[in-house]
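Remarks on the structure that follows.
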Amino acid sequence: DVKVTQSSRYLVKRTGEKVFLECVQDMDHENMFWYRQDPGLGLRLIYFSYDVKMKEKGDIPEGYSVSREKKERFSLILESASTNQTSMYLCASSATTGGAYNEQFFGPGTRLTVL
Amino acid sequence: SQQGEEDPQALSIQEGENATMNCSYKTSINNLQWYRQNSGRGLVHLILIRSNEREKHSGRLRVTLDTSKKSSSLLITASRAADTASYFCATGRGSTLGRLYFGRGTQLTVWP
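Protein chains in written order, with the numbering used here: chain A, 1 to 115; chain B, 116 to 227.
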């Protein structure tokens, strides 16, 4: 069965801390994505990656960075956490088949609270 | 930037009734997808319809796509309480490396 896992379901951090959110997929997917979800705002794309060591900015990359050293793992880094980064973070992955892009598979989410 | 906009924002129905949710979008797409999210969980893919398709079925789900009106609808027939969730449409464009543009979602509540 297809699986995307995230390192934590709930995380509480202090303002100014460096925060790492890890995402691992076991489907050999080329593409991986990080979103944040806030009430009334839907899903907003932070960063995505279409290959190892490749990354593309999404709509709200400020305050975040990412790392993709291995195909199965995509990390989201909050360099200096701030209270406005309190949110639900969702990771997803998808395959590219014959040049066509397919559905995304999501992890369970990490609810991050920054105090 | 959001691409899809779902309508209505919230929908409340009784078990056994049909639920229809709509999605409108602004630019050209090569596919449109519907996802479901139970409270506090990740999204689950329901159905994908490509831009050259007009209708697709999967179990109790029926999706239509009208590219001339830039709109799609998701119909859930014979709703159950377990269908209570948020439903999102997402559009894919050919040139954007697999990224999807999500709407803000419709919250569906199905009362027993």
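Glycine included, C-beta positions come from ideal geometry on N, C-alpha and C.
Inclusion of residue 202 of chain B and residue 180 of chain B in the CB contact set at 8 Å is not warranted, their separation being larger than that value.
Assignment of residue 104 of chain A by DSSP, reduced to helix, strand and coil, places it in the coil class. Around the beta carbon of residue 32 of chain A, 16 or more other beta carbons lie within 10 angstroms, which makes this residue buried. Runs of the beta strand (DSSP E) lying entirely within the stretch 139–216 of chain B, each at least 3 residues long, are 146–152, 158–165, 170–173, 176–181, 186–191, 200–207 in chain order.
In this structure residue 143 of chain B is exposed. Its beta-carbon is surrounded by fewer than 16 other beta-carbon atoms within 10 angstroms.
With a cutoff of 8 Å on beta-carbon distance, residue 9 of chain A and residue 111 of chain A are scored as near each other.
Taking one beta carbon from each stretch, the stretch 184–204 of chain B and the stretch 78–85 of chain A have fewer than 3 pairs nearer than 8 Å; the two do not touch. The shortest C-alpha to C-alpha distance from residue 66 of chain A to any of A/59, A/77, A/36 is the one to A/77. Excluding sequence positions up to five before and after residue 102 of chain A, its CB lies within less than 8 Å of the CB of 94, 95, 96, all in the same chain and listed in chain order.
Residues of the same chain with a CB within less than 8 Å of the CB of residue 11 of chain A, apart from the 5 flanking positions on each side, are 19, 21, 110, 111, 112, 113 in chain order. Only 155, 156, 157, 158, 159, 160, 163 from the stretch 154–174 of chain B bring a Cβ to less than 8 Å from some Cβ of chain A. Proximity to residue 70 of chain A across A/49, A/16, A/36, A/42 peaks at A/49, based on C-alpha coordinates. Pairing residue 159 of chain B with residue 165 of chain B gives a Cβ-Cβ distance that is not under 8 Å.
Taking one beta carbon from each stretch, the stretch 57–65 of chain A and the stretch 172–187 of chain B have fewer than 3 pairs nearer than 8 Å; the two do not touch.
Residues of chain B with a Cβ closer than 7 Å to the Cβ of residue 85 of chain A do not exist; the shortest Cβ-Cβ separation is about 18 Å. Non-local C-beta neighbours of residue 226 of chain B in its own chain, meaning closer than 8 Å and more than five positions away in sequence, comprise 127, 128, 129, 130, 196, ordered along the chain. Going by DSSP, residue 221 of chain B is part of the beta strand (DSSP E) stretching over 221–226. The beta carbon of residue 108 of chain A falls within 8 Å of a beta carbon belonging to chain B, placing the residue at that interface.
Scanning B/123, B/146, B/141 for the CA closest to the CA of residue 135 of chain B turns up B/123. Per DSSP, residue 130 of chain B has no beta-bridge partner at all.
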